[in-house]
Amino acid sequence: MNNVFSFSILGKLNIRTQLNSAYRNDLIKHNNQVDKNRYVLNKIINCIRFCGAFELALRGHDEKENSENSGIFKELVNFSAELDNELKVHIQSAKLFKGTSKTTQNELLECMLDVYHEEVKKEIPNSPFVAVIADETTDVACEFQYLCKGQPVERFWRFYVPDGHDAKSIAACVLNVVNPLLDQNPKKLIAQSYDGASVMSGELNGVQKIIKETYPLAKLPRSSQTRWNFQSRGVHTVYENRKDLIEVMDNIESTSRDCSSINQASGYKLKLQDTNFVFWLSIFHKIMPHVEIVFNQLQKVCTDSVKVKNDLENFEAAIQTIREQMDSIIDEIERVQRETDEPPRKKGKLKKAAKNGKR
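Under our numbering, the first residue of the sequence shown is numbered -9, with each subsequent residue one higher.
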């Protein structure tokens, strides 16, 4: 109640400050202390942001005053205090509010998250489409994808602990987040993606079906295995032996007496000769080696956030190079198709496939 009352008279003329000099001096002293606390709090928040930017743990194993290694956050605050005398005086003399306790850290993180949520809430109404992503099984990490100023962005929301690990509990957890954000425009949610639990992506009673009852346009992309090495070998094998595979299918069609085998061989042959299939086969043939590299780099035990960031930036640069070489890739695809003694394909179809791929 005192805080509400103080806020209501904030900025208004107080007769006591005009008549009572002692009260006025106390008020000036209090305001000066508030300014100092805000300055110190700003420095501590910057230290937390630094740790978050490089994915560094805030707490150490031993945070006692006589500890030789009290954790990155405390050591960073101590280092900042050596460069800032006002912060140093506060750390050495503060008795009530020092700002480095785990309770203060948690409260600051919650406040920063609230501010972040408010910014995301401002962006979502201006975005034409939104997708929701939920990952893992023990904790549900909810994320959103949408367009911000014409650019697709992904925003982490927060971790949640659902009441249970069945489809209904996880769906309820997701809906509790999505409903307040998209209640006015349910058609804006056009995609949903889940990973880490079989109950999440089930076609009949999974989370995606429950979500679609409220958001009918929220389609679920078909899930696939993430065994990159196995999948990449399959892509390379089909790409390098496509002509031989077509000849095998021709041979089965002409020699087999089993109708089922003939039909399957004919279907595989049509797929191997399909323009879109050949285009995407060629694209993934070029992409998968880079995927293998980044996969092996990220799976290393001895790594850190800086190296991970560099590896991902190198991967993005390699993919961007492939996108810029799309015209030469199309020419190469046409050459490969001619080698299979097929009728020449229209380049317009490949251009259309490439355009759809860039989207």
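C-beta: ideal position from N, C-alpha, C; glycine also.
Run through the DSSP bridge pairs and tell me what residue i is partnered with.
i      : result
Lys209 : Ala181
Val120 : Tyr136, Leu179
Asp355 : Because residue 355 is not part of the residues shown, which for the chain are -9 to 349, the question remains open.
Glu144 : Gln135
What's the gap between the Cα of residue i and the Cα of residue j?
i      : j      : result
Val296 : His80  : 32 Å
Thr265 : Glu109 : 44 Å
Trp147 : Phe134 : 7 Å
Asn175 : Lys111 : 13 Å
Ile323 : Ile236 : 16 Å
Ile277 : Tyr106 : 35 Å
Asn219 : Tyr229 : Note that Asn219 has pLDDT 45, beneath the 50 cutoff, so the model's placement of it is unreliable and the number below is only indicative. Between Asn219 and Tyr229, the C-alpha separation is close to 15 Å.
Pro118 : Pro142 : 11 Å
Thr94  : Ala124 : 29 Å
Leu260 : Glu282 : 29 Å
Glu203 : His275 : 38 Å
Met316 : Gln310 : 10 Å
Gln215 : Gly224 : Confidence at Gln215 is low in this model, with a pLDDT of 46, below 50, so the placement of that residue is unreliable and no value is reported for it.
Val238 : His226 : 18 Å
Lys178 : Val197 : 18 Å
Ala255 : Asp104 : 58 Å
Ala47  : Phe149 : 17 Å
Leu171 : Asn21  : 38 Å
Asp173 : His155 : 25 Å
Leu99  : Ser159 : 27 Å
Asp25  : Gln82  : 18 Å
Cys138 : Ala121 : 13 Å
Val30  : Glu144 : 32 Å
Thr90  : Leu77  : 12 Å
Asp248 : Tyr258 : 16 Å
Gln357 : Glu45  : Residue 357 falls outside the range modelled here, since the chain spans only -9 to 349, and no answer is possible.
Val268 : Asn96  : 53 Å
Phe87  : Leu17  : 19 Å
Val284 : Thr293 : 12 Å
For the alpha helix (DSSP H) that contains residue i, what are its first and last residues?
i      : result
Leu46  : Run containing Leu46: none; DSSP gives neither H nor E here.
Pro279 : 265 to 288
Ser91  : No alpha helix (DSSP H) holds Ser91; DSSP gives it neither H nor E.
Asp301 : 295 to 314
Gln198 : 197 to 204
Where does residue i sit, in a helix, a strand or coil, going by DSSP?
i      : result
Asp248 : coil
Gln23  : helix
Asp125 : strand
Asp104 : helix
Ile319 : helix
His155 : coil
Asn68  : helix
Asn32  : helix
Asn75  : helix
Ser60  : coil
Lys85  : coil
Asn231 : coil
Cys292 : coil
Asp240 : helix
Gln174 : coil
Ala162 : helix
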